[in-house]
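Peer 1: Questions regarding the structure given below will be posed in turn.
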Amino acid sequence: IIPTKMQGVVEDDQPADMTELQDITVDPIVRGVVKNWDAMEDLLHYVLYTRIGWEIGNEGQVLFADPLLTPKAIREQLVQLMFETFSVNGFYATEQAVLSLYAVGRISGCAVDVGHGKIDIAPVWEGAVQHNASKKFEVGGIDLTELFARELQKSNPQINIDLSVAEMLKETYAYTAEDQIAYEEKQRAFHAEKHTLPDGEVISIGKERYTVGEVLFQPSLLGIEEYSIVEQMIRCVSCVPFENQRQLLENTVLCGGTATMSGFDDRFQKEAILASSASIRPALVK
792 IIPTKMQGVV EDDQPADMTE LQDITVDPIV RGVVKNWDAM EDLLHYVLYT
842 RIGWEIGNEG QVLFADPLLT PKAIREQLVQ LMFETFSVNG FYATEQAVLS
892 LYAVGRISGC AVDVGHGKID IAPVWEGAVQ HNASKKFEVG GIDLTELFAR
942 ELQKSNPQIN IDLSVAEMLK ETYAYTAEDQ IAYEEKQRAF HAEKHTLPDG
992 EVISIGKERY TVGEVLFQPS LLGIEEYSIV EQMIRCVSCV PFENQRQLLE
1042 NTVLCGGTAT MSGFDDRFQK EAILASSASI RPALVK
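Next comes the structure, spelled out in structure tokens:
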């Protein structure tokens, strides 16, 4: 699991104020694409040698889960980094959507990956991603966190809410309403939760917790003119041969951190059934 943000790394021979260092973050990966290769190298070194426990001179093999529509140049540079810098014994890259389906015992289905910086929708048939029917959206968990932070700031103007706090609160309180009618009811009548922050400040969390999940079904709440995540999936699947569509929709896999939001999977399946033809009953495989 590779994080999107990490603290800056200072070389051993470069003295640094650790207090200042804690405030420095870099983004090795932006919207699913490696943007900072120096930071990526530092991150991989930490993961492989510190967390996994590799020893220099006794490196192992790497299986890399490739994000949807990764540019060829990025993949080639990653392979070069693995062999020339980390001296791996073997390296194999396969697409995330395929691995997500393998994880639930399927070789055909539709993978909907709601990640930190993007959403990938990829129909997979017999272990092969159908690229002509796949789509990537540059909207993800970070956008929901930023929206949540803005909405909380409006309700709690006396408290300074940074993104790390908003992320923690989102993971704890965000909830997806059963449908659009239920969401609208929650906006009118809701029970506010009180949460004590690490600094002792008390924050009130009300209707904002429902807006976060609703954005995926009503992107206009985020100022985006797009179809809902369910409609996007249906449109992607409609691009594959008709005789395969039923099997894809009846073997849908939700993955990515944002997809674990409370109520999201139930709402997704409900909306998918309503959006599909009567002869198809979309189902989530877990």
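For the sequence shown, our numbering puts the final residue at 1077, and the numbers step up evenly by one.
We treat Cβ as the ideally placed atom computed from N, Cα and C, and that holds for glycine.
With a threshold of 8 Å, are at least 3 pairs of Cβ atoms found where one atom belongs to the segment 937-946 and the other to the segment 906-919?
Peer 2: No: the two stretches stay apart, fewer than three of their Cβ pairs being nearer than 8 Å.
Peer 1: Shorter than 8 Å, the distance from the beta carbon of GLY906 to the closest heavy atom of the ligand PLP, or not?
Peer 2: The ligand PLP is not part of this structure, which contains no ligands at all.
Peer 1: Do the CB positions of ARG897 and ALA884 come within less than 9 Å of each other?
Peer 2: Locating residue 897 in the sequence shown gives position 106, where the first residue counts as 1. Locating residue 884 in the sequence shown gives position 93, where the first residue counts as 1. Going by C-beta atoms, ARG897 is not nearer than 9 Å to ALA884.
Peer 1: Which of helix, strand or coil does DSSP assign to GLN949?
Peer 2: What you label residue 949 is simply residue 158 of the sequence shown in a count that begins at 1. Note: GLN949 maps to coil in three-state DSSP.
Peer 1: By the three-class DSSP mapping on this structure, what secondary structure does VAL1031 have?
Peer 2: For the purposes of this step, residue 1031 is taken as the residue at position 240 of the sequence shown. VAL1031: coil per DSSP, three-state reduction.
Peer 1: Write down every uninterrupted run of the alpha helix (DSSP H) in the segment 832-916 whose length is 4 residues or greater and which is fully enclosed by it, in chain order.
Peer 2: If we require 4 residues or more, the alpha helix (DSSP H) runs fully inside the segment 832-916 come out as 863-875 and 887-893.
Peer 1: Just verifying my parser: in three-state terms, what is the DSSP assignment at THR816?
Peer 2: Counting from 1 along the sequence shown, the entry for residue 816 is found at position 25. It is a strand residue.
Peer 1: First and last residue of the beta strand (DSSP E) that includes LEU1045?
Peer 2: Taking the first residue of the sequence shown as 1, we reach residue 1045 at position 254. Note, LEU1045: beta strand (DSSP E), 1043-1046.
Peer 1: How about PHE1008 and THR967: do their beta carbons lie closer than 9 Å?
Peer 2: Taking the sequence shown and counting its residues from 1, one reaches residue 1008 at position 217. Taking the sequence shown and counting its residues from 1, one reaches residue 967 at position 176. Yes; because the gap between Cβ atoms is below 9 Å, this pair is in contact.
Peer 1: The alpha helix (DSSP H) that contains VAL956, what's its start and end?
Peer 2: Start at 1 with the first residue of the sequence shown, and residue 956 comes out as number 165. Start and end: 954-964.
Peer 1: May I ask you to report which of helix, strand or coil DSSP gives PHE928?
Peer 2: The sequence position of residue 928 within the sequence shown is 137, counting from 1. Strand, per DSSP.
Peer 1: If you drop the 5 nearest sequence neighbours on each side, which residues of the same chain put their C-beta closer than 8 Å to that of ARG1037?
Peer 2: In the sequence shown, counting from the first residue as 1, residue 1037 sits at position 246. So the qualifying residues of the chain are SER1070 and ILE1071.
Peer 1: On the three-state DSSP scale, how would you describe SER995?
Peer 2: Here residue 995 refers to the residue found at position 204 of the sequence shown. Strand at SER995.
Peer 1: Would you tell me roughly how many angstroms separate the C-alpha atoms of SER1053 and LYS998, rounded to the nearest one?
Peer 2: The residue labelled residue 1053 in the question sits at position 262 within the sequence shown. The residue labelled residue 998 in the question sits at position 207 within the sequence shown. Using only the alpha carbons, I get a separation of about 15 Å.
Peer 1: Please name the residue, chosen from ALA1063, LEU1013 and ILE996, that lies closest to PRO948 on a Cα-to-Cα basis.
Peer 2: Numbered from its first residue, the sequence shown carries residue 948 at position 157. The shortest C-alpha separation from PRO948 is found at ILE996.
Peer 1: Counting along the chain, where does the beta strand (DSSP E) carrying THR984 start and finish?
Peer 2: As a first step, residue 984 must be located in the sequence shown, where it is residue number 193. It should be noted that the sequence gives Glu, not Thr, for residue 984. Counting along the chain, the beta strand (DSSP E) containing GLU984 begins and ends at 984-987.
Peer 1: Answer yes if the segment 878-895 comes into contact with the segment 842-862, meaning at least three C-beta pairs across the two stretches below 8 Å, and no otherwise.
Peer 2: Counting Cβ pairs under 8 Å, three or more are found: they touch.
Peer 1: From which residue to which residue does the alpha helix (DSSP H) around GLN978 run?
Peer 2: Start at 1 with the first residue of the sequence shown, and residue 978 comes out as number 187. First-last of the alpha helix (DSSP H) with GLN978: 971-979.
Peer 1: Alpha carbon to alpha carbon, how far is CYS1027 from ARG822? Give it in angstroms, no decimals.
Peer 2: For this step, residue 822 is matched to residue 31 along the sequence shown. For this step, residue 1027 is matched to residue 236 along the sequence shown. Distance between the alpha carbons of ARG822 and CYS1027: 20 Å.
Peer 1: Output the distance between the C-alpha atoms of GLU1041 and THR876, rounded to the nearest integer angstrom.
Peer 2: Taking the first residue of the sequence shown as position 1, residue 1041 is located at position 250. Taking the first residue of the sequence shown as position 1, residue 876 is located at position 85. Cα to Cα, the separation comes out at about 43 Å.
Peer 1: Would you report the Cα separation of CYS1030 and ASP857, rounded to the nearest angstrom?
Peer 2: Taking the sequence shown and counting its residues from 1, the one referred to as residue 1030 is at position 239. Taking the sequence shown and counting its residues from 1, the one referred to as residue 857 is at position 66. Distance between the alpha carbons of CYS1030 and ASP857 is about 22 Å.
Peer 1: PHE986 and THR1002: beta carbons closer than 9 Å?
Peer 2: Along the sequence shown, read from residue 1 onward, the residue named residue 986 stands at position 195. Along the sequence shown, read from residue 1 onward, the residue named residue 1002 stands at position 211. What sits at residue 986 in the sequence shown is His, not Phe. Cβ distance not < 9 Å, so HIS986 and THR1002 don't count as in contact.
Peer 1: What does DSSP give as the partner residues of LEU1075 in its beta bridges?
Peer 2: Looking up residue 1075 in the sequence shown gives position 284. In DSSP, LEU1075 forms a bridge with THR1043.
Peer 1: Have a look at VAL993 and SER878 and give me their C-alpha separation to the nearest angstrom.
Peer 2: Mapped onto the sequence shown, residue 993 falls at position 202. Mapped onto the sequence shown, residue 878 falls at position 87. One C-alpha to the other measures close to 50 Å.
Peer 1: Where LEU869 and GLN921 are concerned, what is the direct C-alpha to C-alpha distance, given to the nearest angstrom?
Peer 2: The residue labelled residue 869 in the question sits at position 78 within the sequence shown. The residue labelled residue 921 in the question sits at position 130 within the sequence shown. About 23 Å.
Peer 1: If you draw a straight line from the C-alpha of GLY1014 to the C-alpha of VAL930, how long is it?
Peer 2: Here residue 1014 is taken as the residue at index 223 of the sequence shown, counted from 1. Here residue 930 is taken as the residue at index 139 of the sequence shown, counted from 1. Roughly 12 Å separates the two Cα atoms.
Peer 1: Pick from ARG1000, GLN971 and GLU917: whose alpha carbon is nearest that of GLU1062?
Peer 2: On the sequence shown, position 271 is the one that residue 1062 refers to. Comparing Cα-Cα distances from GLU1062 to each of ARG1000, GLN971 and GLU917, the minimum goes to GLN971.
Peer 1: Quick one: grab the DSSP three-state call for ALA968.
Peer 2: To locate residue 968, count along the sequence shown from 1; it is residue 177. Coil at ALA968, not helix or strand.
Peer 1: For THR861, which residues of its own chain have a beta-carbon under 8 Å away from its beta-carbon, when the five flanking residues on both sides are left out?
Peer 2: Counting from one through the sequence shown, the residue named residue 861 turns up at place 70. Same-chain partners within the cutoff: GLY823 and VAL824.
Peer 1: Which same chain residues, not among the five before or five after CYS1046, have their C-beta less than 6 Å away from its C-beta?
Peer 2: Within the sequence shown, the letter at position 255 stands for residue 1046. Taken in chain order, the residues that qualify are SER891 and ASP904.
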